[in-house]
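S.K.:
Residue numbers (UniProt numbering): 1 to 144.
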């Protein structure tokens, strides 16, 4: 099966939907048509589900695809009460915080650079003025 779905996992989910057991697995997000096109022939060929009726197959689809009206895309079955992407979300949050820290540091460095440029410009201006005064003084002494 594509999408990382194993036959055993699908069998477990199908058993739960057939026997009205509390569901411990479901598909997260909305599925694309390709998954159903792949899944239906699998269900028809697999010995465990070969004799299932259209209504039981439809029930299976509707139960595993709990977010049919959602706009998100996901191709995996996840265990209820467990969010496998939680660690990824925390990593993303850490990266975003790190990026924000870097941005803040960069803004501070830019401010320091701008201040250093201003001080350098002021020092250059003072040096030019001092040089001009020195030239005038030398001219005056030379003329005298």
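Where a beta carbon is used, it is the ideal one built from N, C-alpha and C, also for glycine.
In this text, all values refer to a predicted model and were calculated from it rather than measured experimentally.
Identify whether residue 116 lies in helix, strand or coil by the three-state DSSP scheme.
M.R.: helix
S.K.: Take the Cβ of residue 136 as the centre, count every other Cβ of all protein chains shown within 10 Å, and call the residue buried at 16 or more, exposed below.
M.R.: Counting Cβ neighbours within 10 Å, residue 136 comes out exposed, since fewer than 16 surround it.
S.K.: When you compare only the Cα positions, how much space is there between residue 117 and residue 106?
M.R.: Residue 117 and residue 106 have their alpha carbons spaced roughly 16 Å apart.
S.K.: Rounded to whole angstroms, what is the Cα-Cα separation between residue 133 and residue 126?
M.R.: Roughly 11 Å between the two C-alpha positions.
S.K.: By how many angstroms is the C-alpha of residue 119 removed from the C-alpha of residue 76?
M.R.: Its pLDDT being 43, under 50, residue 76 is placed unreliably in this model, and the value from its coordinates should be taken loosely. C-alpha separation (whole angstroms): 59 Å.
S.K.: Just verifying my parser: in three-state terms, what is the DSSP assignment at residue 144?
M.R.: Residue 144: coil per DSSP, three-state reduction.
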